[in-house]
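Residue numbers (this note's numbering), protein chains in the order written: chain A, 1 to 112; chain B, 1001 to 1114.
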């Protein structure tokens, strides 16, 4: 079936280094993608989104890259800080559908 | 704006008891959602609503009911609590008029059924 999945369930990164979190999707009709951050005991928080007519979008210390050829999405976090430790989810949407499809998440741990 | 608020934050239920999880948003969003998140897992959609008076089932609706009498409120009802309903429940909302499908989440309700 159609799904959104993540390559790595856990990732540990030294403080100050850059981190990359990956996500694969199988629905070629998906045209909107979102990254969420979920800290322990909290609800998911929107980080950044991208539409399928773009390859790259930058925010504050975060960059999302979209490769439609291989159906791959990544989240890059620059100069990681302890506050970046969280679970990161990707989500996808097809053509303005009411529902999002979420991946299982990657736990990012920042090592001091 | 307070955004999406949920009550209670935490609740312990006995098997067979019932309860209502409250969700309110003050952003005038038409779309609202209920998810459950089991430990170490992703989000599973229980029910959603695209406007007052309209609700629809998600991926895991069994054992739950919802109603949407106003734009602001979207309560989730558990009629006969079972241990399998032990989870963290998140409510979310979205404004379809923005052209962005981003959903905004509440802080969650942690439910333990014993």
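No residue lacks a Cβ here, since even glycine has one placed at the ideal position from N, Cα and C.
Under 9 Å by beta carbon: chain A residues contacting residue i
i, result
"residue 1089(B)", "Those within 9 Å of residue 1089(B) in chain A number zero; the least Cβ separation is about 10 Å."
Residue i, enclosing beta strand (DSSP E) - first and last residue
i, result
"residue 49(A)", "45–51"
"residue 59(A)", "Element bounds for residue 59(A): n/a, residue is neither H nor E."
"residue 86(A)", "86–93"
"residue 1114(B)", "Neither: residue 1114(B) is in no beta strand (DSSP E) and is coded neither H nor E."
"residue 1057(B)", "1054–1057"
"residue 1099(B)", "Unbroken run through residue 1099(B): none, as it is neither H nor E."
"residue 107(A)", "106–111"
"residue 22(A)", "19–25"
Chain-ordered chain B contacts of residue i [CB-CB under 8 Å]
i, result
"residue 104(A)", "1041 and 1042"
"residue 93(A)", "1101"
Within chain A, the residues that residue i reaches when beta carbons sit closer than 8 Å
i, result
"residue 1100(B)", "32 and 49"
Within chain A, partners of residue i - CB distance below 7 Å
i, result
"residue 1107(B)", "42 and 43"
"residue 1104(B)", "46"
Where residue i meets chain B, residues with beta-carbon distance less than 7 Å
i, result
"residue 56(A)", "Per Cβ cutoff of 7 Å: no residues; residue 56(A) is ~18 Å from chain B at best."
I want to know whether the stretch 103–110 of chain A touches the stretch 1053–1060 of chain B - three or more CB-CB distances under 8 Å.
Verdict: no, contact absent.
Of all the residues that make up the stretch 1041–1056 of chain B, which are near chain A by a beta-carbon distance shorter than 7 Å?
Correct list: 1041, 1042, 1043, 1045, 1048 and 1050.
Below 8 Å, how does it come out for the stretch 1086–1104 of chain B and the stretch 38–46 of chain A: are there three or more Cβ pairs, yes or no?
Output reads yes: the stretch 38–46 of chain A touches the stretch 1086–1104 of chain B.
Please identify, using Cβ separations under 9 Å, the residues of the stretch 25–42 of chain A that lie next to chain B, in order along the chain.
If you check each beta-carbon in the stretch 25–42 of chain A against every beta-carbon of chain B, the ones closer than 9 Å belong to 32, 34, 36, 38, 41 and 42.
Residues of the stretch 1023–1039 of chain B whose Cβ lies closer than 9 Å to any Cβ of chain A, in chain order:
For the stretch 1023–1039 of chain B, the beta-carbon criterion of a distance under 9 Å to any beta-carbon of chain A is satisfied by 1031, 1033, 1035 and 1037.
Any chance you could list the beta strand (DSSP E) runs of at least 3 consecutive residues sitting entirely within the stretch 1007–1034 of chain B, in chain order?
Counting only runs of 3 or more, we get 1010–1013 and 1019–1025.
If you pair each beta-carbon of the stretch 72–87 of chain A with each one of the stretch 14–32 of chain A, do three or more pairs fall below 8 Å?
Yes, the stretch 72–87 of chain A touches the stretch 14–32 of chain A.
Counting pairs of beta carbons, one from the stretch 11–20 of chain A and one from the stretch 1077–1092 of chain B, are three or more of them closer than 8 Å?
Segments in contact, no.
Cβ pair count under 8 Å reaching 3, the stretch 1041–1056 of chain B against the stretch 1004–1020 of chain B:
Too few Cβ pairs lie closer than 8 Å, so no.
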